[in-house]
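Quick notes on the structure that follows.
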Amino acid sequence: NAGVTQTPKFQVLKTGQSMTLQCAQDMNHEYMSWYRQDPGMGLRLIHYSVGAGITDQGEVPNGYNVSRSTTEDFPLRLLSAAPSQTSVYFCASSYARDRENSPLHFGNGTRLTVT
Amino acid sequence: AQRVTQPEKLLSVFKGAPVELKCNYSYSGSPELFWYVQYSRQRLQLLLRHISRESIKGFTADLNKGETSFHLKKPFAQEEDSAMYYCALVGGGADGLTFGKGTHLIIQP
Chain X
258 NAGVTQTPKF QVLKTGQSMT LQCAQDMNHE YMSWYRQDPG MGLRLIHYSV
308 GAGITDQGEV PNGYNVSRST TEDFPLRLLS AAPSQTSVYF CASSYARDRE
358 NSPLHFGNGT RLTVT
Chain R
426 AQRVTQPEKL LSVFKGAPVE LKCNYSYSGS PELFWYVQYS RQRLQLLLRH
476 ISRESIKGFT ADLNKGETSF HLKKPFAQEE DSAMYYCALV GGGADGLTFG
526 KGTHLIIQP
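Top line first, the protein sequences correspond to chains X and R. Each residue of the first sequence is one higher than the one before, counting from 258 in my numbering. Each residue of the second sequence is one higher than the one before, counting from 426 in my numbering.
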């Protein structure tokens with residue numbers, strides 16, 4: 258049981274490049290989400306999904322796309338990277354039906370730098 | 426809209442001193458509140474949740490609906506408590522947790 262796995266751990270992009278941050282969980286969690294963590298800003302929700310085939314926007318969705326074709330995977334796509342997207346990205350999952358009692362399980366994070 | 430406020434970016438206390446990390450929230454319904462912790466070079470993890478009324482690693486937090494607060498307390502700080510602490514709220518609906526901006530707790534020897 259690996260929990261929540263994020264790849265890559267580090268990534269450097271040039272402005273305008275695109276890439277996909279991978280997130281996979283093996284706990285059969287229905288709920289998955291992406292956060293970005295910035296100094297002084299805390300964690301801000303980018304996108305989330307309550308089950309396969311269902312996604313929705315969080316607080317800061319612009320510049321990011323997601324899809325949820327399987328329960329296990331929730332990739333985050335940067336369409337055209339900008340320096341403002343330099344951040345640490347966390348994927349998290351939990352059981353959707355009882356989120357009040359089900360804590361979020363976080364991945365180790367992906368540190369992205371856009372030059 | 427739901428909001429979580431942690432007024433202190435940084436809190437530094439001496440080992441053995443009491444610790445209180447403040448958290449205030451704004452939510453129209455009955456929220457569920459959590460404290461998450463991130464130790465150096467580790468992933469974020471749940472510390473405690475108000476619904477459980479538990480004490481974890483000596484920390485407790487009481488939900489005060491009148492003051493809309495969920496402050497985290499520990500009577501005697503230890504050096505291993507140094508970490509980033511995030512207060513978080515989940516309200517109704519399908520959206521995710523709303524996190525505060527975090528408080529960096531430093532325990533000095």
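Built from N, CA and C at the ideal position, the CB exists for glycine as well.
Here D283 of chain X is exposed: its Cβ has fewer than 16 other Cβ atoms, across all protein chains shown, within 10 Å. Comparing alpha-carbon positions, the option among X:Q268, X:H286, X:V345, X:K271 lying closest to I303 of chain X turns out to be X:V345. Of the residues assessed, V269 of chain X falls on the exposed side of the cut-off, its CB having fewer than 16 other CB atoms within 10 angstroms. Listed by position along chain X, the residues whose Cβ is nearer than 7 Å to that of F524 of chain R are G299, L300. Below 8 Å, too few C-beta pairs join the segment 484–495 of chain R and the segment 259–268 of chain X to call them touching: fewer than three.
The residue among R:V462, R:E457, R:L469 with its C-alpha nearest the C-alpha of H475 of chain R is R:E457. In this structure, G308 of chain X lies near Y288 of chain X, with their beta-carbon atoms less than 9 Å apart. Bridge partners of E445 of chain R according to DSSP: R:K498. Excluding its 5 nearest sequence neighbours in each direction, R368 of chain X has C-beta neighbours in its own chain below 6 Å: F267, V345, listed in chain order. For Q342 of chain X, the secondary structure class from DSSP, reduced to helix, strand or coil, is helix. Taking Y305 of chain X as reference, the option from X:G297, X:T328, X:M298 with the minimal CA-CA separation is X:T328. In this structure, L278 of chain X places its C-beta atom within 9 Å of the C-beta atom of P332 of chain X.
Scanning its chain for C-beta atoms nearer than 7 Å, with the 5 sequence neighbours on each side dropped, one finds around Q503 of chain R the residues K440, I532, in chain order. Annotation: K498 of chain R to T372 of chain X spans about 41 Å, alpha carbon to alpha carbon.
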